[in-house]
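In the working numbering, the protein residues as written are 4 to 396. From the three backbone atoms N, C-alpha and C, an ideal C-beta is built for every residue, glycine too. One structure below.
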């Protein structure tokens with residue numbers, strides 16, 4: 004008999020009932036150090052007092068009115084995003100998946116309005132993840148994502164990650180945009196080198212192609228800058244944001260230049276819930292905290308500590324780990340052992356991590372994790388690695 008919750012997840016045997024900071028408490032009372040943060044969502048930890056206060060104050064005033072009316076918290080958050088990024092305009096969604104849908108529509112509508120309706124193809128890369136909607140899985144293109152869900156939405160050209168020759172060969176007058184994650188998350192914490200991101204921007208400028216960046220997982224301070232592309236000193240035309248922007252409350256956004264968004268006029272897109280008062284009240288508080296240069300400096304300091312300790316962990320367990328990957332507090336342990344075994348061993352030690360492709364274990368802690376919790380987390384991972392080695396001996 005099928006369970007009441009559709010069984011599309013292989014869930015860990017854990018049931019959390021409360022959280023505080025970087026810690027979660029299981030129904031049986033056990034405490035777990037959370038290095039997953041809800042897959043990079045709980046950017047400021049669990050039950051953050053500032054976010055609780057923002058949500059509570061808004062909940063006591065107004066929950067939802069729809070986008071038929073002006074929403075002050077939405078305007079506040081949009082203004083903050085425009086002020087601190089490349090963007091001229093913002094559309095709010097409920098998720099990264101919805102943000103992907105709009106980014107694809109926006110790029111194609113741009114060319115349609117420019118009198119080039121044939122320009123619909125979007126270049127994407129192997130290992131990518133852009134959500135699980137029809138456009139998202141078609142954009143990723145992997146068999147794991149698409150098998151059984153055909154016919155797939157056409158209009159995507161899939162290239163191998165890092166194949167510069169294939170990229171140059173793929174450019175034609177049918178290409179509307181290039182879409183890429185500055186740091187692949189689900190794909191195994193694979194950063195796109197700054198020189199490559201600069202090269203993509205130059206290629207797009209040369210051929211008039213729009214550059215879409217998917218910063219759903221790597222954005223909102225995760226790499227030590229507000230958005231990951233800032234490290235390369237470039238700007239996209241369109242950017243997808245979600246996860247950390249709501250600090251745990253469902254919220255996403257598409258940021259764009261005035262030029263790239265020029266085709267999106269009244270009636271071309273909508274969302275009943277997107278950017279509602281509750282979501283934007285929380286998002287505005289997240290933006291206020293994470294957008295502070297002093298906060299981002301702390302993220303970078305903590306990232307340096309964590310990476311150094313993880314490099315030591317890898318050196319101490321050469322049979323279990325191969326290397327440390329990533330940027331800021333978006334880190335990955337490339338494993339020699341089976342990554343799911345490392346994750347399971349971590350559960351036994353009271354530490355939560357997230358598996359990814361390419362046999363990687365993702366470490367995506369709250370951006371305000373304490374130094375003491377970083378040290379304790381690596382101690383727990385060390386014990387987990389020892390257990391994995393013994394089990395495989």
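Item checked: Stretch pair the region 182 to 195 + the region 75 to 82: three plus CB contacts closer than 8 angstroms -> no
Notebook entry, point to check: Just checking my contact of residue 102 with residue 285 at CB under 8 angstroms: how many whole Å lie between their CB atoms?
Noted result: 17 angstroms between Cβ atoms; not a contact.
Check: Taking the beta strand (DSSP E) that residue 337 falls in, what are its first and last residues?
Finding: Per DSSP, residue 337 is one residue of the beta strand (DSSP E) stretching across 333 to 338.
Notebook entry, point to check: So residue 317 packs on residue 327, CB below 8 angstroms; how close in whole Å?
Noted result: 6 angstroms
Item checked: At least three beta-carbon pairs within less than 8 angstroms, the region 175 to 187 to the region 210 to 222 -> yes
Check: Checking contacts by CB at 7 angstroms: is residue 283 closer than that to chain D?
Finding: Any reference to chain D falls outside this structure, which holds one protein chain only.
Check: Where DSSP assigns a beta bridge to residue 461, which residues make up the other side?
Finding: For the chain, the structure presents residues 4 to 396; residue 461 sits outside this window and is missing.
Margin query: I'd like to know whether the C-beta atoms of residue 387 and residue 349 end up nearer to each other than 7 angstroms.
Written below: For residue 387 and residue 349, yes; Cβs fall inside 7 angstroms.
Margin query: Would residue 37 and residue 21 qualify as a contact pair, given that the criterion is a beta-carbon distance under 7 angstroms?
Written below: No, these two residues do not count as a Cβ contact at 7 angstroms.
Next item on the list: Could you have a look at residue 47 and say whether DSSP puts it in helix, strand or coil?
Entry: Correct three-state label for residue 47: coil.
Item checked: residue 217 - partner residues in DSSP beta bridges -> 243
Check: In the DSSP assignment, what residue or residues form a beta bridge with residue 326?
Finding: Looking at the DSSP assignment, residue 326 forms a beta bridge with 337.
Note to self: With H, G and I counted as helix, E and B as strand and the rest as coil, what does DSSP make of residue 178?
What the structure shows: strand
Next item on the list: Express the C-alpha separation of residue 239 and residue 356 in angstroms, rounding to a whole number.
Entry: Taking C-alpha positions only, residue 356 is separated from residue 239 by approximately 31 angstroms.
Next item on the list: Leaving aside the five residues before and after residue 313 along the sequence, list all residues of the same chain whose C-beta is less than 6 angstroms from its C-beta, in chain order.
Entry: 327
Next item on the list: Per DSSP, which residues does residue 124 bridge with? Please list them.
Entry: Bridge partners of residue 124: 178.
Next item on the list: Flag this pair as yes or no: are the beta carbons of residue 323 and residue 392 separated by less than 7 angstroms?
Entry: Cβ atoms of residue 323 and residue 392: closer than 7 angstroms.
Note to self: Can you tell me which residues form a DSSP beta bridge with residue 160?
What the structure shows: 126
Note to self: Tell me the DSSP secondary structure of residue 66 in three-state form.
What the structure shows: If DSSP states are grouped into helix, strand and coil, residue 66 belongs with coil.
Notebook entry, point to check: Cα-Cα, which of 207, 366, 44, 347 is closest to residue 337?
Noted result: Here the closest residue by C-alpha is 366.
Check: Would the beta-carbon of residue 227 fall within 7 angstroms of that of residue 331?
Finding: It is a contact, given that the beta carbons lie within the stated cut-off.
Checklist line | First through last residue of the beta strand (DSSP E) which encompasses residue 29 | finding: 26 to 29
Notebook entry, point to check: Going straight from the alpha carbon of residue 448 to that of residue 15, what length do you get?
Noted result: Any property of residue 448 remains undetermined from this structure, which presents the chain solely from 4 to 396.
Item checked: Own chain, CB closer than 6 angstroms to residue 27, minus 5 neighbours either side, in chain order -> Around residue 27: 19, 35, 37.
Check: With a Cβ-Cβ cutoff of 7 angstroms, do residue 132 and residue 142 count as a contact?
Finding: no
Next item on the list: Over the uninterrupted beta strand (DSSP E) stretch that includes residue 96, give me the two end residues.
Entry: 92 to 96
Next item on the list: Return yes when the Cβ of residue 241 is within less than 7 angstroms of the Cβ of residue 173, no when it is not.
Entry: no
Margin query: Tell me the DSSP secondary structure of residue 184 in three-state form.
Written below: coil
Checklist line | Proximity winner among 119, 73, 53, relative to residue 177 (alpha-carbon distances) | finding: 119
Notebook entry, point to check: Any idea what DSSP makes of residue 35, helix, strand or coil?
Noted result: strand
Next item on the list: May I have a chain-ordered list of the alpha helix (DSSP H) segments no shorter than 4 residues that lie completely inside the region 276 to 323?
Entry: The qualifying runs are 280 to 293, 296 to 319.
Checklist line | Own chain, CB closer than 7 angstroms to residue 87, minus 5 neighbours either side, in chain order | finding: 229, 294
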